[in-house]
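Report on the structure given below.
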Amino acid sequence: MFKGVVVSIHIAADKSLPMQQLAEANALVGQGIEGDRYFLGIGTYSHSRDVSREITLIEIETIEALQRRGIFLNPGDARRNVATRGVPLNHLVGRTFLVGKVCLRGTRLCEPCEYLATMTQKGVLKELIHRGGLRADIIIGGAIRVGDAVMESE
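Numbered according to numbering that gives the first Met the number 0, the sequence shown spans residues 0 to 153.
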């Protein structure tokens, strides 16, 4: 059992635009994070329906590890919606968990792509393999806030 926390929330209004940091975001079932490029259907990979793009998460510990290796990214630079602390995201594939009162189901790892590499810096692709975060579906929607607890659902 774990209990983590949301450390930051990010959306981008369109592909290629920088991620905006938010204190709170609205997660809508079957749609995603309100105002995000994938919610709007205009993300770089919106046309690819075989992968859930409702919400993505990344561990802040991964961002900190990259920084120790000389790759300086802010949490939003990873192009994930929610950065967490103390959450073993890779273990949540196929499992439901809570982010505040919002219920999510992990669908698959969010592996890095060439597009991310072109938007950040050299070396990020290799460093994020199997540590790039988690894709999830929104099972019960609502507000997600910085500081919300993240834990397994019962």
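Each residue gets a CB set at the ideal place from its N, CA and C atoms; glycine is no exception. Small disclaimer: the values here were computed from a predicted structure and weren't measured.
Assuming residue 83 and residue 3 form a contact by the criterion Cβ under 8 Å, report the distance between their Cβ atoms to the nearest whole angstrom. 5 Å
Pair within 7 Å by beta-carbon distance, residue 152 and residue 91: no
Exposed or buried, what is residue 1 when buried is set at 16 or more other beta-carbons lying within 10 Å of its beta-carbon? Under a 10 Å Cβ-count criterion, residue 1 is classified as exposed, with fewer than 16 other Cβ atoms of the shown protein chains found around its own Cβ.
**Asked** Can you tell me the Cα-Cα spacing of residue 13 and residue 79, whole angstroms?
**Response** 14 Å
Query - Endpoints, beta strand (DSSP E) assigned at residue 58 - result: 54 to 58
Handout entry: Distance between residue 5 and residue 136 (C-alpha atoms, nearest Å)
Key = For residue 136 and residue 5, the distance between alpha carbons rounds to 17 Å.
Alpha carbon to alpha carbon, what distance is there between residue 53 and residue 27? 8 Å
For residue 58 versus residue 103, is the C-beta spacing smaller than 7 Å? The answer is no: Cβ separation not under 7 Å.
> Leaving out five residues before and five after residue 11 in sequence, what residues of the same chain have Cβ atoms less than 6 Å from its Cβ?
Replying inline: 18, 36
Assign residue 71 to buried or exposed, taking buried as 16 or more other Cβ atoms, counted over all protein chains shown, within 10 Å of its Cβ. With fewer than 16 Cβ atoms within 10 Å of its Cβ, residue 71 is classed as exposed.
Assign residue 143 to buried or exposed, taking buried as 16 or more other Cβ atoms, counted over all protein chains shown, within 10 Å of its Cβ. buried
Worksheet item: Would the beta-carbon of residue 8 fall within 7 Å of that of residue 16?
Response: no
Review point. With respect to the beta strand (DSSP E) encompassing residue 70, which residues constitute its N-terminal and C-terminal limits?
Key: Unbroken run through residue 70: none, as it is neither H nor E.
Short of 6 Å in beta carbon distance, which residues of its chain neighbour residue 34, apart from the five on each side in sequence? Order them along the chain.
Closer than 6 Å at the Cβ level, and outside the excluded window around residue 34, lie 10.
When burial is assigned at 16 or more other CB atoms within 10 Å of the CB, is residue 75 buried or exposed? buried
| Nearest CA to the CA of residue 159: which residue from 38, 95, 39? | Look at the range of the chain in this structure, 0 to 153, and you will see that residue 159 is not part of it.
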